[in-house]
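Peer 1: Residue numbers (my numbering), protein chains in the order written: chain A, 1 to 98; chain B, 1001 to 1371. Where a beta carbon is used, it is the ideal one built from N, C-alpha and C, also for glycine.
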C-alpha cells in the first residue's frame, strides 16, 4: 500500500485523516498514485491536477523522502521508500501569501 | 410560521443566518467549508431544502456542494466544467488573444421549475447547465459563440459571468451579464444570444457605445414584470422597459452612480435599491457613510437610507452578488460588506441592523423565504 499525506483542506473535503493508503498495481509513479487516489476519493478529482490535462495545479506540490518531486514527469517511478510504504507521498498546498 | 434563511458566501467560508418572520433574532451557523472562497450559495425556488454552493480555492480549484436539507449537511457534486469544443480565445488586458481557461464558478442559479436543474456562470465567461442536481455540467455554447467572444475582455475581477436572470413568464428567455463584455439575452433557451447593450455609454472603452465591452456589474428584475430590467453598470444606473432592447440612465440624484449591487423590492416593482460607491479606484462609500439608496419611482429620484448604518469612518464595499430581498411583508432587504458585516432591514430599508459584524469579506448574500 502507498501512503499519501493530504493537506488539511483536502482531508476535510474527502472526510479522511492526514494520511490515506491506496493500492497501486504496476509501476508506482505520480500518475499511478494520483489515479488510485482519485479513484478511491472521486471528490478529489480536479483539486490536485486538472481533470482534462492532468497538469498539476499551480499551488500544489509533491514531496517524498525530503525531495521536491513536483516537476518530475508524472510517469517517473517514485522513491523505493514510498513504494515500500515506509515513507508517505506528500501532497502539499504551497505556501503563498503574506 | 414563516421565516427567512440568509445564505452568505465569504472569502473564508459560507454562513447561514436564520430567523423567524419577525427578523429580529438570528441564529448563525458556519463557517461551512471554512478556509475556502464561497463565491455564491443559492437555494432552489421550488425546493427550499435544495441549496447549491460554489466552493473554490486558489490552491485546490473548484468544488460544487449540494445540500438536500436546507444547509444542515452537504455533499460534493460535480466539478468538471469543460468548455464545449475548441474554446478559442478572448481578448486579454493587453489586447492580445488569450485562451479561454476555466477558473471558478461565480454564480449558481437554480431553475425556477426543477430543483435538479441549475445554471452556473463561470470565469472565463461561459454559461453551464446541469440537469442532474449538479452532478454533471454542460456548457451552453451559443453564448461564447455569439460572435463577439473574441473581443470580450476581463474586468479587474476577471472575465466573469456573474448574473443570471430567468424570465418567470417565458422559460425560453434568460438574461446574463459579464464583466466586462456586457449583457446578453436568449429567447431560445440558450441556443443563441443577443447583446442587449443599446443605450449604454461607457467612456472607458474606445467606442463608448460599442456592442460589447461594457462593464455591467449587476442586473435586477421583478418577477411580475420581466421586461423591465435594472442595471448597475461600472458607472451609471440604467433601466430598460423592453427586455434590454434599449436602456436609459436613471442615476438621477445619486451621490455617485458607481456601485455593484442593484435589487428590486419583492412587492413593489418600481422600488429599487443600490449602494453608491465613491469611485472605481476607491471602492468605498462616499464620505465614509454607508447608505443604501432607494427609488420608489423606478429610478431617477433616490432617497438615502442610513438609519442603523455606520455614518462615519466606514470604508467597506458591497460586492455585486451581496444584496438580496425576502418576500415577507414588509419586504426584508439584506446586504453584506467586504468588512464582514451583514445588515438586514425588516422594513424595506427604512432602518437597518447588523445581523453579524465580523465575518470574512462577504462575496454574496441570498435569501430564502420559508413558509
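1) For residue 1321/B, list the residues DSSP reports as bridge partners.
2) Could you check which residue in 1287/B, 1164/B, 1056/B and 1345/B has the C-alpha nearest to that of residue 1121/B?
3) Using a beta-carbon distance cut-off of less than 8 Å, what residues from the region 1225-1243 of chain B approach chain A?
4) Alpha carbon to alpha carbon, what distance is there between residue 63/A and residue 1330/B?
5) Give a yes or no on contact between the region 1009-1021 of chain B and the region 1087-1095 of chain B, applying the rule of three or more CB pairs nearer than 8 Å.
6) Write down every uninterrupted run of the beta strand (DSSP E) in the region 1012-1041 of chain B whose length is 3 residues or greater and which is fully enclosed by it, in chain order.
7) So within the region 13-58 of chain A, which uninterrupted beta strand (DSSP E) runs reach at least 3 residues, ignoring any that extend past its ends?
8) Got a sec? Which residues, its chain only, sit under 6 Å from residue 1109/B by beta carbon, not counting five neighbours each side?
9) Can you give the beta carbon distance from residue 1055/B to residue 1033/B, rounded, assuming they're within the 8 Å contact cut?
10) Just the chain B side, please: which residues come within less than 8 Å of residue 9/A by C-beta, in chain order?
11) If you pair each beta-carbon of the region 1132-1146 of chain B with each one of the region 1185-1192 of chain B, do three or more pairs fall below 8 Å?
12) Identify the contact partners of residue 52/A in chain B, using a Cβ-Cβ distance below 7 Å as the criterion.
13) For my contact list, residue 85/A and residue 2/A are in at a C-beta cut-off of 8 Å; report their separation, rounded to the angstrom.
14) Could you tell me the alpha carbon to alpha carbon distance between residue 1047/B and residue 1343/B, rounded to whole angstroms?
15) So residue 57/A contacts chain B; which residues on that side make the cut at Cβ distance below 8 Å?
16) Name the one or two DSSP bridge partners that residue 68/A has.
17) Whose Cβ in chain B lies nearer than 8 Å to the Cβ of residue 93/A?
18) Please confirm whether residue 1309/B and residue 1336/B have their CB atoms less than 9 Å apart.
19) Run through the DSSP bridge pairs and tell me what residue 1276/B is partnered with.
20) Look at the alpha carbon of residue 1172/B and the alpha carbon of residue 1112/B, and state the distance between them as a whole number of angstroms.
21) Starting from residue 1004/B, trace the beta strand (DSSP E) in both directions and tell me its first and last residue.
22) For residue 1132/B, which residues in the same chain have their Cβ closer than 7 Å to its Cβ, ignoring the five residues on either side in sequence?
23) Could you check where the alpha helix (DSSP H) with residue 82/A kicks off and where it finishes?
24) Just grab the DSSP bridge partners of residue 1065/B for me.
25) When you compare the CB of residue 1076/B with every CB in chain A, is at least one pair closer than 9 Å?
26) Using only CA atoms, which one of 1168/B, 1170/B and 1149/B lies nearest to residue 1161/B?
27) Taking the straight line between their C-alpha atoms, what separation do you get for residue 1216/B and residue 1039/B?
28) Taking residue 27/A and residue 77/A to be in contact with their CB atoms under 8 Å, please state how far apart those CB atoms are, rounded to whole angstroms.
29) Which bits of chain B does residue 43/A rub up against, with CB to CB less than 8 Å?
30) Relative to the C-alpha of residue 1314/B, which residue among 1114/B, 1339/B and 1270/B is closest?
31) Based on DSSP bridge pairs, tell me the residues matched to residue 1119/B.
32) Taking C-beta pairs closer than 9 Å, name the residues in chain A that residue 1079/B reaches, listed in chain order.
33) Which class does residue 1336/B belong to by DSSP, given the choice of helix, strand or coil?
34) Of all the options 1318/B, 1326/B and 1053/B, which has the alpha carbon lying nearest to the alpha carbon of residue 1265/B?
35) At 9 Å on the CB atoms, spell out the chain B contacts of residue 60/A, in chain order.
36) Pull up the distance between the alpha-carbon of residue 1058/B and that of residue 1263/B, whole angstroms please.
Peer 2: Quick look at the numbers:
1) As a position in the second chain, residue 1321/B is number 321, starting the count at 1. Among the bridge pairs identified by DSSP, residue 1321/B is matched with 1364/B.
2) Numbered from 1 along the second chain, position 121 holds the residue referred to as residue 1121/B. Checking every option, the nearest Cα to that of residue 1121/B belongs to 1164/B.
3) Going along the region 1225-1243 of chain B in chain order, one finds no residue with a Cβ nearer than 8 Å to chain A.
4) The sequence position of residue 1330/B within the second chain is 330, counting from 1. The sequence position of residue 63/A within the first chain is 63, counting from 1. Whole-angstrom Cα-Cα distance: 58 Å.
5) Flag = no, the region 1009-1021 of chain B and the region 1087-1095 of chain B do not touch.
6) Listed in chain order, they are 1013-1020 and 1027-1032.
7) Segments of the beta strand (DSSP E) lying fully in the region 13-58 of chain A: 19-22.
8) For the purposes of this step, residue 1109/B is taken as residue 109 along the second chain, with counting starting at 1. Hits under 6 Å: 1119 and 1164.
9) The sequence position of residue 1055/B within the second chain is 55, counting from 1. The sequence position of residue 1033/B within the second chain is 33, counting from 1. Taking 8 Å as the upper bound for CB-CB distance, residue 1055/B and residue 1033/B are in contact here, some 5 Å apart.
10) Along the first chain, read from residue 1 onward, the residue named residue 9/A stands at position 9. Residues of chain B passing the Cβ test: 1035, 1036, 1057, 1059 and 1060.
11) With the cut-off at 8 Å, the region 1132-1146 of chain B and the region 1185-1192 of chain B touch.
12) Numbered from its first residue, the first chain carries residue 52/A at position 52. Within 7 Å Cβ-Cβ: 1082.
13) Position 85 of the first chain holds residue 85/A. Position 2 of the first chain holds residue 2/A. Sure, about 7 Å apart at Cβ, within 8 Å.
14) Indexing the second chain from 1 puts residue 1047/B at position 47. Indexing the second chain from 1 puts residue 1343/B at position 343. The straight-line gap from Cα to Cα measures roughly 26 Å.
15) By one-based count along the first chain, residue 57/A stands at place 57. Within chain B, the residues placing a beta-carbon under 8 Å from that of residue 57/A are 1059, 1060 and 1061, ordered along the chain.
16) Walking along the first chain from the start, residue 68/A turns up at place 68. According to DSSP, which records beta bridges pairwise, residue 68/A is partnered with 63/A.
17) As a first step, residue 93/A is located in the first chain; it is residue number 93 there, counting from the start. Neighbours of residue 93/A on chain B, chain order: 1059 and 1060.
18) For the purposes of this step, residue 1309/B is identified with residue 309 of the second chain, where counting begins at 1. For the purposes of this step, residue 1336/B is identified with residue 336 of the second chain, where counting begins at 1. Not in contact: residue 1309/B and residue 1336/B (Cβ atoms no closer than 9 Å).
19) One-based indexing of the second chain puts residue 1276/B at position 276. Bridge partners of residue 1276/B: 1259/B.
20) Position 172 of the second chain, counted from the first residue, corresponds to residue 1172/B. Position 112 of the second chain, counted from the first residue, corresponds to residue 1112/B. When only Cα atoms are considered, residue 1172/B and residue 1112/B end up about 12 Å apart.
21) The count along the second chain starts at 1 and reaches residue 1004/B at position 4. Unbroken beta strand (DSSP E) run through residue 1004/B: 1003-1010.
22) Stepping through the second chain from its first residue, residue 1132/B is reached at position 132. Within the same chain, residue 1132/B has close Cβ partners 1116.
23) Along the first chain, read from residue 1 onward, the residue named residue 82/A stands at position 82. Boundaries of the alpha helix (DSSP H) around residue 82/A: 80-84.
24) Numbered from 1 along the second chain, position 65 holds the residue referred to as residue 1065/B. DSSP links residue 1065/B through a beta bridge to 1053/B and 1076/B.
25) Position 76 of the second chain holds residue 1076/B. Answer yes: the Cβ-Cβ gap between residue 1076/B and chain A drops below 9 Å somewhere.
26) By 1-based counting over the second chain, the position of residue 1161/B is 161. The option with the nearest alpha carbon to residue 1161/B is 1149/B.
27) On the second chain, position 216 is the one that residue 1216/B refers to. On the second chain, position 39 is the one that residue 1039/B refers to. About 18 Å.
28) One-based indexing of the first chain puts residue 27/A at position 27. One-based indexing of the first chain puts residue 77/A at position 77. Contact between residue 27/A and residue 77/A holds: their C-beta atoms lie close to 6 Å from each other, under 8 Å.
29) Position 43 of the first chain, counting from 1, holds the residue named residue 43/A. Residues of chain B with a Cβ closer than 8 Å to the Cβ of residue 43/A are, in chain order, 1063 and 1076.
30) Against the second chain, residue 1314/B aligns to sequence position 314. The shortest Cα separation from residue 1314/B among 1114/B, 1339/B and 1270/B belongs to 1339/B.
31) Working through the second chain from its first residue, we reach residue 1119/B at position 119. Paired residues: 1109/B and 1129/B.
32) The count along the second chain starts at 1 and reaches residue 1079/B at position 79. Going along chain A in sequence order, the residues near residue 1079/B (Cβ under 9 Å) are 43, 45, 46, 47 and 51.
33) Locating residue 1336/B in the second chain gives position 336, counting from the first residue. Looking at residue 1336/B - three-state DSSP - the assignment turns out to be strand.
34) Stepping through the second chain from its first residue, residue 1265/B is reached at position 265. Distance check between residue 1265/B and each of 1318/B, 1326/B and 1053/B places 1326/B closest, using alpha-carbon atoms only.
35) The residue labelled residue 60/A in the question sits at position 60 within the first chain. Against chain B, a Cβ distance below 9 Å from residue 60/A picks out 1059 and 1060.
36) The count along the second chain starts at 1 and reaches residue 1058/B at position 58. The count along the second chain starts at 1 and reaches residue 1263/B at position 263. For residue 1058/B and residue 1263/B, the distance between alpha carbons rounds to 30 Å.
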